[in-house]
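Take a look at the structure below.
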Amino acid sequence: MSFLASCQNLVPRPWVIDDLDAFKVKWSKKSWKKVVIFVDNSGADIILGILPFARELLRHGTQVVLAANDMPSINDVTYTELIEIIAKLKDENGQLMGVNTSNLLIANSGNDLPVIDLTRLSQVLAYLASDADLVVLEGMGRGIETNLYAQFKCDSLKIGMVKHPEVAQFLGGRLYDCVFKYNEVVS
Numbered sequence: 009m010s011f012l013a014s015c016q017n018l019v020p021r022p023w024v025i026d027d028l029d030a031f032k033v034k035w036s037k038k039s040w041k042k043v044v045i046f047v048d049n050s051g052a053d054i055i056l057g058i059l060p061f062a063r064e065l066l067r068h069g070t071q072v073v074l075a076a077n078d079m080p081s082i083n084d085v086t087y088t089e090l091i092e093i094i095a096k097l098k099d100e101n102g103q104l105m106g107v108n109t110s111n112l113l114i115a116n117s118g119n120d121l122p123v124i125d126l127t128r129l130s131q132v133l134a135y136l137a138s139d140a141d142l143v144v145l146e147g148m149g150r151g152i153e154t155n156l157y158a159q160f161k162c163d164s165l166k167i168g169m170v171k172h173p174e175v176a177q178f179l180g181g182r183l184y185d186c187v188f189k190y191n192e193v194v195s
């Protein structure tokens with residue numbers, strides 16, 4: 009499906025799970041120290057979605073860990089590809105669109121599927137994630153199909169688009185509905 013066709017299929021809010029307003033309130037009031045983002049698709053998804061989000065987190069002084077698959081799976085960006093993408097987007101001063109990238113880390117998730125088993129992370133990523141205060145699972149496989157109800161010791165955000173009729177039916181939503189599930193851990 010083309011990008012234009014995808015845009016024409018977008019479902020208006022409210023989405024099947026829609027915590028966007030709550031997240032926006034937290035975004036304006038809360039600063040996370042370390043965020044781990046499990047990235048999904050290559051192309052527009054990473055370039056126009058995840059990287060601008062990561063850049064805004066970096067701008068707020070947050071350390072950002074981008075976790076990508078070890079091996080190719082469908083259209084997921086791989087660890088090696090992500091390193092290349094970031095290198096190409098940095099300017100001559102090592103900045104990403106004017107933002108210092110010294111707090112940006114890229115990690116191999118240790119996985120090779122479009123879904124993710126969080127019990128099988130690479131040792132490096134497990135170490136990097138041990139003190140995260142926000143975990144972001146992006147994509148239908150990671151954020152909806154396998155981890156929508158996963159509970160963390162820190163805040164979590166699960167985001168994705170429903171692209172299978174069975175998943176839409178299970179959630180009580182529509183095809184191309186979005187999921188934006190934010191869970192805040194109150195300390």
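Counted from 1, the sequence shown has number 62 at position 54 by this note's numbering; the numbering is strictly sequential. Note that the Cβ used here is the ideal one computed from N, Cα and C, for glycine as well. Note that this is a predicted model, so its numbers are computed, not measured.
Asked: To the nearest angstrom, how far is the alpha carbon of Tyr157 from that of Ile91?; Found: 30 Å
Asked: Compare the beta carbon distance of Phe188 and Asp48 with 8 Å and say whether it is the shorter of the two.; Found: no
Asked: In this structure, does DSSP put Met148 in helix, strand or coil?; Found: helix
Asked: Helix, strand or coil for Asp139? Go by DSSP, reduced to three states.; Found: coil
Asked: What residue from Tyr190, Val132 and Asn155 has the CA that sits closest to Leu113's CA?; Found: Val132
Asked: Can Val143 and Val24 be called in contact, C-beta distance under 8 Å?; Found: no
Asked: Look up Ala13 in the DSSP assignment and give the residues it is bridged to.; Found: Answer by DSSP bridge pairing: none, since Ala13 is not bridged.
Asked: With 16 as the cutoff for other CB atoms within 10 Å, does Val193 come out buried or exposed?; Found: exposed
Asked: Can Val44 and Val85 be called in contact, C-beta distance under 8 Å?; Found: no
Asked: Measuring CA to CA, which of Leu59, Glu174, Gly180 and Gly151 is closest to Lys166?; Found: Gly151
Asked: Considering only C-alpha positions, which residue in the set Gln71, Ile124, Ser130 and Val123 is nearest to Ser39?; Found: Gln71
Asked: Would you check if there are 3 or more beta carbon pairs closer than 8 Å linking the stretch 76-83 to the stretch 111-128?; Found: yes
Asked: Compute the Euclidean distance between the alpha carbons of Leu126 and Ser50, then round it to the nearest angstrom.; Found: 21 Å
Asked: Whole-angstrom Cβ separation of Ala115 and Ala75, contact assumed at under 8 Å?; Found: 5 Å
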